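Colleague: Quick one: structure below, then a few questions.
6 protein chains.
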Amino acid sequence: MFGVTVRDHMMVAHSFRGEVFGPAQQLHGATFVVDATFRGEALDADGILVDIGRATEVLKAVVGELSYRNLDDDPAFAGTNTTTEVLARHVADRLAEQVAAGAMGAAEHVNGIVVTLHESHVAWASYERSL
Amino acid sequence: MFGVTVRDHMMVAHSFRGEVFGPAQQLHGATFVVDATFRGEALDADGILVDIGRATEVLKAVVGELSYRNLDDDPAFAGTNTTTEVLARHVADRLAEQVAAGAMGAAEHVNGIVVTLHESHVAWASYERSL
Amino acid sequence: MFGVTVRDHMMVAHSFRGEVFGPAQQLHGATFVVDATFRGEALDADGILVDIGRATEVLKAVVGELSYRNLDDDPAFAGTNTTTEVLARHVADRLAEQVAAGAMGAAEHVNGIVVTLHESHVAWASYERSL
Amino acid sequence: MFGVTVRDHMMVAHSFRGEVFGPAQQLHGATFVVDATFRGEALDADGILVDIGRATEVLKAVVGELSYRNLDDDPAFAGTNTTTEVLARHVADRLAEQVAAGAMGAAEHVNGIVVTLHESHVAWASYERSL
Amino acid sequence: MFGVTVRDHMMVAHSFRGEVFGPAQQLHGATFVVDATFRGEALDADGILVDIGRATEVLKAVVGELSYRNLDDDPAFAGTNTTTEVLARHVADRLAEQVAAGAMGAAEHVNGIVVTLHESHVAWASYERSL
Amino acid sequence: MFGVTVRDHMMVAHSFRGEVFGPAQQLHGATFVVDATFRGEALDADGILVDIGRATEVLKAVVGELSYRNLDDDPAFAGTNTTTEVLARHVADRLAEQVAAGAMGAAEHVNGIVVTLHESHVAWASYERSL
Chain A
71 MFGVTVRDHM MVAHSFRGEV FGPAQQLHGA TFVVDATFRG EALDADGILV
121 DIGRATEVLK AVVGELSYRN LDDDPAFAGT NTTTEVLARH VADRLAEQVA
171 AGAMGAAEHV NGIVVTLHES HVAWASYERS L
Chain B
71 MFGVTVRDHM MVAHSFRGEV FGPAQQLHGA TFVVDATFRG EALDADGILV
121 DIGRATEVLK AVVGELSYRN LDDDPAFAGT NTTTEVLARH VADRLAEQVA
171 AGAMGAAEHV NGIVVTLHES HVAWASYERS L
Chain C
71 MFGVTVRDHM MVAHSFRGEV FGPAQQLHGA TFVVDATFRG EALDADGILV
121 DIGRATEVLK AVVGELSYRN LDDDPAFAGT NTTTEVLARH VADRLAEQVA
171 AGAMGAAEHV NGIVVTLHES HVAWASYERS L
Chain D
71 MFGVTVRDHM MVAHSFRGEV FGPAQQLHGA TFVVDATFRG EALDADGILV
121 DIGRATEVLK AVVGELSYRN LDDDPAFAGT NTTTEVLARH VADRLAEQVA
171 AGAMGAAEHV NGIVVTLHES HVAWASYERS L
Chain E
71 MFGVTVRDHM MVAHSFRGEV FGPAQQLHGA TFVVDATFRG EALDADGILV
121 DIGRATEVLK AVVGELSYRN LDDDPAFAGT NTTTEVLARH VADRLAEQVA
171 AGAMGAAEHV NGIVVTLHES HVAWASYERS L
Chain F
71 MFGVTVRDHM MVAHSFRGEV FGPAQQLHGA TFVVDATFRG EALDADGILV
121 DIGRATEVLK AVVGELSYRN LDDDPAFAGT NTTTEVLARH VADRLAEQVA
171 AGAMGAAEHV NGIVVTLHES HVAWASYERS L
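Chains as they are written, first to last, in our numbering: chain A, 71 to 201; chain B, 71 to 201; chain C, 71 to 201; chain D, 71 to 201; chain E, 71 to 201; chain F, 71 to 201.
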């Protein structure tokens with residue numbers, strides 16, 4: 071099993087609904103350092119699972135749609151807390167769409183994606199899905 | 071599959087029995103940077119797998135029981151080398167007890183725990199178990 | 071010259087005024103991983119420059135005043151962009167007040183403070199001042 | 071499931087064939103920070119999966135065979151791009167040979183290896199295999 | 071005193087002349103993770119020392135001139151070993167030219183630059199100069 | 071001004087005398103990740119300030135004298151708490167002796183040393199001295 075990971079980041083504002091969140095119910099924000107891992111069982115004829123350059127560009131586009139925004143105003147997340155877990159799944163699902171749409175080239179052997187969002191040096195969350 | 075990780079650390083003294091350990095047979099010590107990952111297939115109604123705040127508190131309590139101590143004197147480890155592997159399992163088992171006891175709230179979807187102990191910038195060990 | 075550093079973090083929302091900021095003029099947010107360094111020429115009788123435990127508590131209190139908030143609503147920053155540089159200076163100044171007020175004990179040899187705020191894995195800013 | 075990881079690094083020159091690689095078709099180089107993880111279900115009588123000291127030595131020897139060289143001149147890689155994925159597999163296979171040859175002692179419970187090669191702070195690749 | 075740092079990286083091949091270099095006399099390579107710090111005593115009216123976005127672009131351009139190349143073939147380094155120290159100075163000098171040429175905007179308060187090149191997780195070199 | 075840094079680590083047991091230390095008055099331990107920086111204004115004819123290979127060996131020897139031991143039993147520290155600050159100064163002084171003794175070759179331009187000891191991911195101390 072191979073895995074290839076690229077890293078980028080996004081800076082967002084948001085607030086959470088639910089007593090469990092304590093002070094995080096107030097409008098606050100986060101830098102999410104985002105690691106996107108593409109997984110697969112084999113390499114292509116060039117000796118790669120995915121092109122790291124294209125993977126970097128696709129991840130940059132996906133996190134760019136969220137960055138420098140207040141996620142409380144984003145209809146895509148209406149009625150949903152944009153927790154680290156939810157955002158990890160969102161980024162993974164958007165990357166899966168991009169792979170399916172050919173944005174990363176053939177990427178014929180990619181069969182899974184893992185996205186990890188680091189919200190600080192002491193907390194992070196990830197979401198793993200097949201393709 | 072979701073995963074949520076929180077990080078803390080502990081500082082302990084200990085020694086090992088067995089020629090394989092070389093100079094580590096002498097009384098020495100370590101800082102273990104501890105990463106505790108909670109895993110599960112779904113999120114609760116708040117959009118979280120576990121409350122990061124409560125997970126942080128529970129991990130702090132578990133590593134606090136070990137920290138600032140000489141583990142050679144701890145009856146819980148009598149007859150056992152407190153290697154990084156053994157301590158990773160110990161912390162994971164204690165966290166599993168805490169989850170079962172409700173210390174992290176409902177945490178209804180948590181079905182696995184991974185604990186990684188970093189003993190230096192060039193060596194670490196982990197233990198993974200189901201719940 | 072000795073230096074002792076402790077690390078914590080804060081999560082804030084804010085927006086910037088000025089064309090130079092591009093998309094960061096929108097309401098967004100950041101996690102700032104905060105490193106506070108205390109400097110001095112000598113150690114006290116216990117062999118320390120500052121008590122790392124107390125330094126950790128004081129830093130936690132200072133960043134706690136800013137965390138989980140929208141800094142655009144904070145009168146302390148009215149008319150000022152809360153850039154990484156400005157926040158680094160703010161934290162350093164607040165820490166200096168705490169040292170002067172005895173919050174860190176005698177700390178008799180501390181004569182300088184450096185605060186570094188990491189806004190992502192690829193950008194950070196610092197402010198250094200004497201006491 | 072236990073895992074034990076040791077880290078080392080290697081510095082190599084190489085070039086890639088294939089338009090997908092863009093400027094990396096030119097002779098260039100990389101530092102690969104190499105993480106080698108040994109996995110297994112149980113610990114031995116000493117309380118370890120593998121001896122971290124021996125694992126460190128074996129990894130050092132394996133990466134030492136590649137380091138400070140131009141991999142374009144290495145017959146072992148003739149006709150193959152020495153991408154991060156290919157090198158991760160190469161290191162994992164060499165480590166598996168070493169374990170089988172007894173270089174790490176009994177290591178009776180080791181049943182899998184994961185090798186991760188970090189080519190920069192924003193990109194890495196891994197290869198996982200059973201033993 | 072303020073400092074603002076941005077990080078990028080470059081991947082190069084090179085070899086060294088001189089017995090002191092041992093195996094590094096052979097053609098090999100390195101990833102250099104490059105931290106560029108801009109220093110100054112005051113902030114501008116926007117509350118910044120430099121625009122982090124522009125600093126990132128300027129650093130990317132400067133390291134881009136060196137990346138994906140064999141530095142042994144670069145006339146700029148004829149007769150000079152491209153050690154980590156030499157490359158740190160080279161990048162700092164090129165950044166200083168860019169600041170002087172206005173590539174980073176007014177940057178009126180910038181009076182010093184520090185460049186650190188990380189050649190691995192266990193070795194790095196820096197060069198500090200005034201402007 | 072140039073700086074060259076190499077990193078190693080040591081694992082020790084110790085205890086502290088003084089109420090300020092709270093639970094750290096008990097026998098405990100630490101991994102110290104040690105960064106040794108050599109500073110100087112110029113490079114030698116080879117284009118280096120110090121040989122990174124030799125610096126690595128010298129640092130390894132110096133931290134090796136302390137590692138895998140209980141520092142409470144070391145006569146060199148009798149009557150002194152082996153705090154992170156004290157150990158940083160000790161390592162810096164030992165490295166200065168080694169440079170003076172020629173252990174790192176000519177190293178003619180080295181005029182300062184900074185040693186940083188990381189006791190965890192959230193606390194570190196440093197000592198800086200001239201040569």
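Cβ coordinates follow ideal geometry from the N, Cα and C atoms, glycine included.
Bear in mind that the values here come from a model prediction, so they are computed numbers and not experimental data.
#1: Distance check for D116/F and H179/F, CA to CA, integer angstroms please.
#2: Pull out every residue of the segment 122 to 155 of chain E whose Cβ sits closer than 7 Å to any Cβ of chain H, in chain order.
#3: Quick one: which unbroken alpha helix (DSSP H) runs of 4-plus residues sit fully inside the segment 151 to 189 of chain B? Chain order, please.
#4: Give me the residue from A170/D, L165/D, V156/D and T186/D with the minimum Cα distance to D114/A.
#5: Can you list, in chain order, the residues of its chain with a C-beta nearer than 6 Å to that of T186/E? Leave out the 5 residues immediately preceding and following it.
#6: Please determine, among M71/B, T126/B, G92/B and H84/B, the residue with the shortest C-alpha to C-alpha distance to F147/B.
#7: Ends of the alpha helix (DSSP H) at R77/F?
#8: Using a Cβ-Cβ distance cut-off of 7 Å, determine whether L97/C contacts chain A.
#9: Any contact between the segment 169 to 178 of chain B and the segment 86 to 98 of chain C? By contact I mean 3 or more CB pairs, one from each, below 8 Å.
#10: Taking 7 Å as the CB-CB cut-off, is E89/A touching chain B?
#11: Can you check which of these residues, P145/B, R159/B, F72/B and L136/B, is closest to H79/B by C-alpha distance?
#12: How many whole angstroms separate the CB atoms of M71/B and V120/B, which I take to be in contact at a CB cut-off of 8 Å?
#13: State the Cα-Cα distance for the pair V76/B and V128/B, rounded to the nearest angstrom.
#14: Suppose you measure from the CA of T154/E to the CA of A112/D; what does that come to, to the nearest Å?
#15: Under 7 Å Cβ-Cβ, which residues of chain F neighbour R199/C?
#16: Mind listing the chain E neighbours of T101/D? Cutoff is C-beta to C-beta under 7 Å, in chain order.
#17: Let me know the secondary structure DSSP gives G134/C once reduced to three states.
#18: Determine whether the Cβ of V184/F lies closer than 7 Å to any Cβ atom of chain B.
#19: Which partner residues does D143/A have in the DSSP bridge list?
#20: Whose CA, out of A177/D, G123/D, V184/D and Y138/D, lies closest to the CA of H160/D?
#21: Going by other Cβ atoms of all chains shown within 10 Å of its Cβ, with 16 needed for buried, is F139/E buried or exposed?
#22: Mapping DSSP to helix, strand and coil, what is G88/D?
#23: Would you say V82/D faces chain E, with C-beta separation under 7 Å as the test?
#24: So, at 8 Å on beta carbons, what are the nonlocal neighbours of T150/D in its own chain, with the 5 sequence-adjacent residues on each side left out?
#25: Between R87/F and the rest of its own chain, which residues show a CB-CB distance below 8 Å, the 5 nearest in sequence each way excluded?
#26: Should R164/A and V132/A be called a contact, given that it needs their Cβ atoms to be closer than 7 Å?
#27: Would H160/A pass as an interface residue toward chain C - the criterion being a Cβ-Cβ separation below 7 Å?
#28: Would A177/C count as contacting chain A if we go by Cβ distances under 7 Å?
#29: By the three-class DSSP mapping on this structure, what secondary structure does E127/D have?
#30: Please report how far the alpha carbon of G134/B lies from the alpha carbon of K130/A, in whole angstroms.
#31: So, T107/D versus G73/D, is the Cβ gap smaller than 7 Å?
#32: Below 7 Å on C-beta distance, what does G92/F contact in chain C?
#33: Pick from H191/C, V192/C, H188/C and A162/C: whose alpha carbon is nearest that of G182/C?
#34: Taking all protein chains shown into account, do 16 or more other C-beta atoms lie within 10 angstroms of the C-beta of S190/C, making it buried, or fewer, making it exposed?
#35: In terms of alpha-carbon separation, which member of E89/D, H188/D, A158/D and A177/D lies closest to M81/E?
#36: Going by DSSP in three states, A94/A sits in which element: helix, strand or coil?
Modeller: In short:
#1: For the purposes of this step, residue 179/F is taken as residue 109 along the sixth sequence, with counting starting at 1. For the purposes of this step, residue 116/F is taken as residue 46 along the sixth sequence, with counting starting at 1. Taking the straight line joining both Cα atoms gives about 12 Å.
#2: Considering every chain present, this structure includes no chain H. Its protein chains are A, B, C, D, E and F.
#3: Runs of the alpha helix (DSSP H) lying entirely within the segment 151 to 189 of chain B, each at least 4 residues long, are 154 to 170 in chain order.
#4: Numbered from 1 along the first sequence, position 44 holds the residue referred to as residue 114/A. It is V156/D whose Cα lies nearest to the Cα of D114/A.
#5: Residue 186/E sits at position 116 when you count from the first residue of the fifth sequence. Excluding residues within five positions, the ones whose Cβ falls inside 6 Å are D105, W194 and S196.
#6: The residue labelled residue 147/B in the question sits at position 77 within the second sequence. If we check each option's Cα against that of F147/B, H84/B comes out closest.
#7: Within the sixth sequence, the letter at position 7 stands for residue 77/F. From DSSP, R77/F is part of no alpha helix (DSSP H) but of the beta strand (DSSP E) over F72 to H84.
#8: Against the third sequence, residue 97/C aligns to sequence position 27. When Cβ-Cβ separations below 7 Å define contact, L97/C makes contact with chain A.
#9: Judged by Cβ distances under 8 Å, the segment 169 to 178 of chain B makes no contact with the segment 86 to 98 of chain C, as fewer than three pairs qualify.
#10: If you number the first sequence from 1, residue 89/A lands on position 19. The Cβ of E89/A sits no closer than 7 Å to any Cβ of chain B.
#11: Counting from 1 along the second sequence, the entry for residue 79/B is found at position 9. Out of P145/B, R159/B, F72/B and L136/B, L136/B has the C-alpha closest to the C-alpha of H79/B.
#12: Translated into the one-based positions of the second sequence, residue 71/B becomes position 1. Translated into the one-based positions of the second sequence, residue 120/B becomes position 50. Contact between M71/B and V120/B does not hold, since their C-beta atoms are separated by about 14 Å, which reaches or exceeds 8 Å.
#13: Locating residue 76/B in the second sequence gives position 6, where the first residue counts as 1. Locating residue 128/B in the second sequence gives position 58, where the first residue counts as 1. In a straight line, the C-alpha of V76/B is about 10 Å away from that of V128/B.
#14: Locating residue 154/E in the fifth sequence gives position 84, counting from the first residue. Locating residue 112/D in the fourth sequence gives position 42, counting from the first residue. So the two alpha carbons sit approximately 44 Å from each other.
#15: As a first step, residue 199/C is located in the third sequence; it is residue number 129 there, counting from the start. Residues of chain F passing the Cβ test: none, with the nearest at roughly 18 Å.
#16: Here residue 101/D is taken as the residue at index 31 of the fourth sequence, counted from 1. Neighbours of T101/D on chain E, chain order: A100, T101, E189 and S190.
#17: For this step, residue 134/C is matched to residue 64 along the third sequence. Of the three classes helix, strand and coil, the one that applies to G134/C here is helix, per DSSP.
#18: By one-based count along the sixth sequence, residue 184/F stands at place 114. Taking a beta-carbon distance threshold of 7 Å, V184/F does not count as an interface residue toward chain B.
#19: Here residue 143/A refers to the residue found at position 73 of the first sequence. By DSSP's assignment, D143/A forms no beta bridge with any residue.
#20: On the fourth sequence, position 90 is the one that residue 160/D refers to. Closest by alpha carbon: V184/D.
#21: Residue 139/E sits at position 69 when you count from the first residue of the fifth sequence. Before going on, a small fix: residue 139/E reads as Arg here, not Phe. R139/E counts as buried, since no fewer than 16 other beta carbons sit within 10 angstroms of its beta carbon.
#22: Mapped onto the fourth sequence, residue 88/D falls at position 18. Of the three classes helix, strand and coil, the one that applies to G88/D here is coil, per DSSP.
#23: Position 12 of the fourth sequence, counted from the first residue, corresponds to residue 82/D. The Cβ of V82/D sits closer than 7 Å to at least one Cβ of chain E.
#24: Residue 150/D sits at position 80 when you count from the first residue of the fourth sequence. Residues of the same chain with a CB within less than 8 Å of the CB of T150/D, apart from the 5 flanking positions on each side, are V156 in chain order.
#25: Within the sixth sequence, the letter at position 17 stands for residue 87/F. Result list for R87/F: Q95 and N151, in chain order.
#26: Taking the first sequence and counting its residues from 1, the one referred to as residue 164/A is at position 94. Taking the first sequence and counting its residues from 1, the one referred to as residue 132/A is at position 62. For R164/A and V132/A, yes; Cβs fall inside 7 Å.
#27: The count along the first sequence starts at 1 and reaches residue 160/A at position 90. No, because no Cβ of chain C sits closer than 7 Å to the Cβ of H160/A.
#28: By 1-based counting over the third sequence, the position of residue 177/C is 107. Not an interface residue.
#29: On the fourth sequence, residue 127/D is found 57 positions in, with the first residue counted as 1. DSSP places E127/D in helix when its eight states are reduced to three.
#30: By one-based count along the second sequence, residue 134/B stands at place 64. By one-based count along the first sequence, residue 130/A stands at place 60. Between G134/B and K130/A, the C-alpha separation is close to 40 Å.
#31: Mapped onto the fourth sequence, residue 107/D falls at position 37. Mapped onto the fourth sequence, residue 73/D falls at position 3. With respect to the 7 Å criterion, T107/D and G73/D are classified as neighbours on the basis of their beta carbons.
#32: Position 22 of the sixth sequence, counted from the start, is the residue given in the question as residue 92/F. Neighbours of G92/F on chain C, chain order: G123.
#33: Within the third sequence, numbered from 1, the residue matching residue 182/C stands at position 112. Comparing alpha-carbon positions, the option among H191/C, V192/C, H188/C and A162/C lying closest to G182/C turns out to be A162/C.
#34: Numbered from its first residue, the third sequence carries residue 190/C at position 120. It counts as buried.
#35: Within the fifth sequence, numbered from 1, the residue matching residue 81/E stands at position 11. Residue H188/D holds the alpha-carbon nearest to the alpha-carbon of M81/E among E89/D, H188/D, A158/D and A177/D.
#36: Numbered from its first residue, the first sequence carries residue 94/A at position 24. Secondary structure at A94/A: helix, using DSSP grouped into helix, strand and coil.
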